[in-house]
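Reviewing the structure listed below.
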DNA sequence: GACTCACTCAGGAATGATTATTATATAGAA
DNA sequence: TTCTATATAATAATCATTCCTGAGTGAGTC
């Protein structure tokens with residue numbers, strides 16, 4: 165009974181090799197596309213299908229284990245939900261970076277114009293530090 | 165030489181009936197999908213094709229006339245860029261509402277962790293005022 | 001052990017938004 | 001008006017994502 169199994173059990177999610185492999189695909193790396201998750205999960209469970217990966221990602225999303233990021237308009241990225249942060253897309257090198265923006269964090273769990281806010285995502289677009297350096 | 169033509173000319177965008185019809189599709193309404201723009205534009209230019217609509221939307225986006233919104237993860241929405249505001253998606257009725265959030269507006273045109281910010285989009289998720297009322 | 005019942009999965013087909021292609025038409029400048 | 005780069009219509013292609021189906025699995029019951 166490892167740590168990942170524990171996390172799933174706490175959310176009443178049945179533990180299966182496929183689910184463990186998807187969870188573990190995120191080890192260390194954030195911002196994975198469904199296909200990247202699929203490629204990594206296959207190393208543990210070679211027979212896993214892409215459809216299964218999508219369904220597990222959906223399950224994890226509903227259960228607040230991961231969040232979906234749609235910053236670059238062509239495909240979804242996923243990351244483990246740990247620590248509040250937002251995302252920056254460099255228009256030049258297309259890298260996606262996490263950015264801390266404490267002022268944004270208070271926006272969660274408050275009300276705006278009478279609407280209750282359960283979640284907030286902030287997307288920043290611009291030129292990253294490295295690309296600015298290169299331009300000089 | 166109407167007002168819309170003027171706006172396009174200022175951006176060095178050739179004025180065509182198709183472009184005018186796409187621009188005018190936004191009259192008053194925000195948050196249109198590409199297909200909704202297409203349906204509205206057809207009323208002025210019946211022969212316009214969906215491909216053309218997409219290409220004009222892309223052109224307008226690059227020229228800062230409209231912005232693309234991807235808050236509900238299945239298709240893009242577009243709106244004229246007028247006034248800074250952010251978006252709220254009600255998880256119950258799926259309506260998208262504009263929200264003013266002045267604290268977010270300062271985030272544009274500043275630097276975060278050394279990255280220059282040219283644009284910022286804030287997406288809020290929760291239950292809207294009306295749906296909260298209904299639940300009572 | 002046999003039998004449910006609900007859930008999970010693999011494989012493959014279907015969907016649907018978006019993009020690419022190409023030949024024709026046209027806006028705007030000379 | 002003529003010319004040329006650009007815009008457009010029509011259509012095909014792409015590709016992420018969802019749907020479907022039939023087979024597996026595991027827990028609980030008898």
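Protein chains in written order, with our numbering: chain A, 165 to 300; chain B, 165 to 300.
In this text, a Cβ means the ideal position worked out from N, Cα and C, and glycines have one as well.
Opposing strand residues paired with residue i [DSSP bridges]
i	result
residue 209 of chain B	None; residue 209 of chain B has no bridge partner.
residue 254 of chain B	B/290
residue 241 of chain B	B/197, B/233
Residue environment, residue i, which counts as buried when at least 16 other CB atoms sit within 10 Å
i	result
residue 190 of chain A	buried
residue 275 of chain B	exposed
residue 192 of chain A	exposed
residue 170 of chain A	exposed
residue 257 of chain B	exposed
residue 215 of chain B	exposed
residue 183 of chain A	buried
residue 226 of chain A	exposed
Helix, strand or coil at residue i [DSSP, three-state]
i	result
residue 185 of chain B	helix
residue 292 of chain B	coil
residue 278 of chain A	coil
residue 200 of chain B	helix
residue 135 of chain A	Lying before the first or after the last residue shown, residue 135 of chain A is absent from chain A, which here runs from 165 to 300.
residue 283 of chain B	strand
residue 219 of chain B	helix
residue 230 of chain B	strand
residue 328 of chain A	In the structure as shown, chain A begins at 165 and stops at 300. Residue 328 of chain A is therefore absent and cannot be evaluated.
residue 190 of chain B	coil
residue 168 of chain B	helix
residue 178 of chain A	coil
Nearest to residue i (by Cα), restricted to the options the options
i	options	result
residue 246 of chain A	A/177, A/262, A/296	A/262
residue 186 of chain B	B/213, B/294, B/260	B/213
residue 188 of chain A	A/244, A/238, A/176	A/244
residue 181 of chain B	B/266, B/217, B/175, B/237	B/217
residue 174 of chain B	B/219, B/204, B/224, B/266	B/224
residue 255 of chain A	A/295, A/283, A/222	A/295
residue 197 of chain B	B/237, B/227, B/168, B/226	B/237
residue 289 of chain A	B/280, B/260, B/290	B/280
residue 160 of chain B	A/251, A/282, A/283	Lying outside 165 to 300, the shown extent of chain B, residue 160 of chain B is not represented and no answer is given.
residue 239 of chain A	A/264, A/199, A/227, A/291	A/199
residue 303 of chain B	B/297, B/259, B/220	With chain B running from 165 to 300 in the structure shown, residue 303 of chain B is simply not present.
residue 265 of chain B	B/253, B/166, B/278, B/248	B/248
residue 220 of chain A	A/278, A/195, A/177, A/297	A/177
residue 241 of chain B	B/172, B/298, B/291, B/202	B/202
residue 253 of chain B	B/228, B/293, B/222	B/293
residue 278 of chain A	B/297, B/277, B/282	B/297
Hey, is the segment 202 to 210 of chain B in contact with the segment 222 to 234 of chain B, meaning 3+ C-beta pairs nearer than 8 Å?
no
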